[in-house]
Structures are given as structure tokens and as C-alpha cells.
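Report on the structure given below.
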Amino acid sequence: MQRLFDDLQLGSIELFCLAAEAGSFTAAALVAGVTPAAVSRSVSRMEERLGVRLFARTTRSVKLTDSGRRYYEECRQALAQLVEAQREVMGQQQQPAGTLRISIPTTYAHHRILPLLPAFRARFPDVKVESHISNRNIDFVGEGYDMAIRVRAIPDSGLIARPLEDAALVMIASPDYLKRAGVPQTLDDLAQHECIQYELPSSGRRIAWLFTDNGVQREILAEGSLSCSDDVLGGVTLAKHGAGLFQTYRFIVENELANGSLVEVLKPYGGRSRPFTLLYPQSRHVPLKLRAFIDFLVEHLPR
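Numbering (UniProt numbering), first residue to last: 1 to 303.
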């Protein structure tokens, strides 16, 4: 094949990626063992060759332009593939190794993923796992994440979406609340009950409750004077203390339903679920550490 890059150009790409990650030519220079002026000259040569501005510069900082961010994403993946290929050829990557950065929603983290991590580390001791537990959407490139788990797949053509689990939903209330307010028998009864609201942190939009009514799927926006956002466990805590009715994932409240501190209601209208999806950047070469983690989750999570 025709040679497209010389050593200087490949070195410039590495310096560009370091500067993009650090947000500073000086910090990139410290990592690379060169001067800040050398990093600046290298980036300027790249911009001249590409005909685009990669960084917006001020006297205090540098920030990627839109073109720079897109170029960084491609360069980062390409460099990672080169490193991975080199390790495999040298026999250094017979076992998964390196740092795996994952983003997980609070409920799925505490009840599904975090309990599995000790077993994963026992099987793959050379993989360090950094868990970011939050319900917000992350920036894979800008924040350096390898994968994320979300209830809804993000509409992004640059991401691979792989289904993990269809999590069953259940309507719950405490015995004290049901004794005080009565047990709802039909979906129309919800209008006479205190219905705990959950709001999406990104939009403030209330989440509809999902039901099956005589074979027909229904979504109901019930009313209530108590609400929580960002963490579904807040709604569960409110329900346990007699605040009202709440719909949540069955796997969160299995123990409470078993010991009677929570009661399932409206069983004839159940059977609905929400899917949890695994997301990771599209790439020709998926790092071995990520492949190992995905296979481990598929092996251990409920189907």
C-alpha cells in the first residue's frame, strides 16, 4: 500500500490527542516530554495540512472545535486500535488488561452491576474498573468512557446498542398506605390515590406508568403531590414509608415484597417492562477488556 503518514505526522496525531484530552498544550507537553511550543507547532502543522481549525485558543486555555472533536474521536479510536494490535502481536494481550470506564444508572448499578464486579475482577485481575453511577447521558469521547448502560438507547449513529435485560415493572405500596387509602382495584382507581411521580432529570418530564388492560398496552400519567428525580430509589423509599403508590422495577423491591414491607397492587394490569441497553462507541476493533466485560454481563445477567 502507499505510505500516507510519516513519523512526524503520526507523532503529531499523538500530541493532538494528548492536548485534546488535557485541554492544555502545557499539560500535553508534560506527558509527552516535550515543550509546549513543540505541541503548539505540531498542532498548527496539522491544522494547515487539514485546512481546518482543530482548537479554539485563548490566552488561558484551548478547546476543541466541532471539527477538532470529530477528528479527535477518529484519531483516538485509531491509536487505541494500533496499541491493541501491537499488544496482541507481542503476546501482551492474551488476557484483558487496562482501565475500563463505565457509566451506569443508579438502580441498575446497585442491584445488578456492582454486585458482579468482584467476580469479574477475580476472573480478569488485570482489568481496573472505574464505575460512574449516574442517570445523566455521558459524552463518550470528551469524558473517555468505554461503555454505558441506559434504559433508553441514545439516538447516536456512532454507538452500538446491545440489549441487556427487559426489567419487569411492578406497582407497589406499603401496607400502612393501603390500610389508610384502600387498595386500588382498577386503573380508574388511580385518580383517587396519591401517586408518587418520577421525573427525568434531563427534561423534567414525568415518566408514565405502563399497564396492560385486557391485552391493550396503556400508559398513564397519574397525579400526585410528591415527586423525585434522578434516582428511582427515591420513589421506592417514599412508597415504603407510606407516601403513596409507585411503579418501579421488580428487581429493586423483591426483598421488600417477600418480607411484606411492600405490597404489589393492580396485578391484573401488570406484565410490562422496560429494556436496559448496553452502549459503546462503534469501532472496527473492540478492546479485549470491553469484549470480556460485555460477555461477562451477558453470562450473568437475567435474560
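Note that beta-carbon positions come from the ideal geometry of N, C-alpha and C, so glycine has one too.
As the structure is a computational prediction, the values presented were derived from the model and not from experiment.
- D66 carries a helical assignment under DSSP once its states are collapsed to helix, strand and coil.
- Between A208 and L221, the CB-CB gap stays under 8 Å.
- Non-local beta-carbon contacts of S227 in its own chain, meaning distances under 8 Å to residues more than five positions away in sequence, involve I196, Q197, Y198, E199 and R206 in chain order.
- Runs of the beta strand (DSSP E) lying entirely within the segment 212-237, each at least 3 residues long, are 216-220 and 227-229 in chain order.
- According to the DSSP assignment, T26 belongs to the alpha helix (DSSP H) that extends over F25 to A32.
- Runs of the alpha helix (DSSP H) spanning 4 or more residues and lying entirely within the segment 173-207 occur at 175-181, in chain order.
- Ranked by Cα distance from G204, the options D231, V127 and G11 are led by D231.
- In this structure, the straight-line span from the alpha carbon of F211 to that of A148 is close to 28 Å.
- Here N135 is buried: its Cβ has 16 or more other Cβ atoms, across all protein chains shown, within 10 Å.
- For F246, no alpha helix (DSSP H) segment is defined; the enclosing uninterrupted segment is the beta strand (DSSP E) at F246 to Y249.
- A Cβ-Cβ distance of about 7 Å is found for the pair Y280 and L159, placing them in contact under the 8 Å criterion.
- Per the C-alpha coordinates, the member of F293, Q282 and R291 positioned closest to E74 is Q282.
- Look at H241 here: in three-state DSSP terms it is coil, with no helix or strand label.
- Each residue's CA atom was taken as its position, placing L301 and F16 some 40 Å apart.
- Cβ-Cβ separation between S273 and D166: approximately 4 Å, consistent with a contact (criterion under 8 Å).
- A56 and L178 have their alpha carbons spaced roughly 60 Å apart.
- Boundaries for A97: no alpha helix (DSSP H) harbours it, and the DSSP string shows neither H nor E there.
- In this structure, A109 places its C-beta atom within 8 Å of the C-beta atom of I133.
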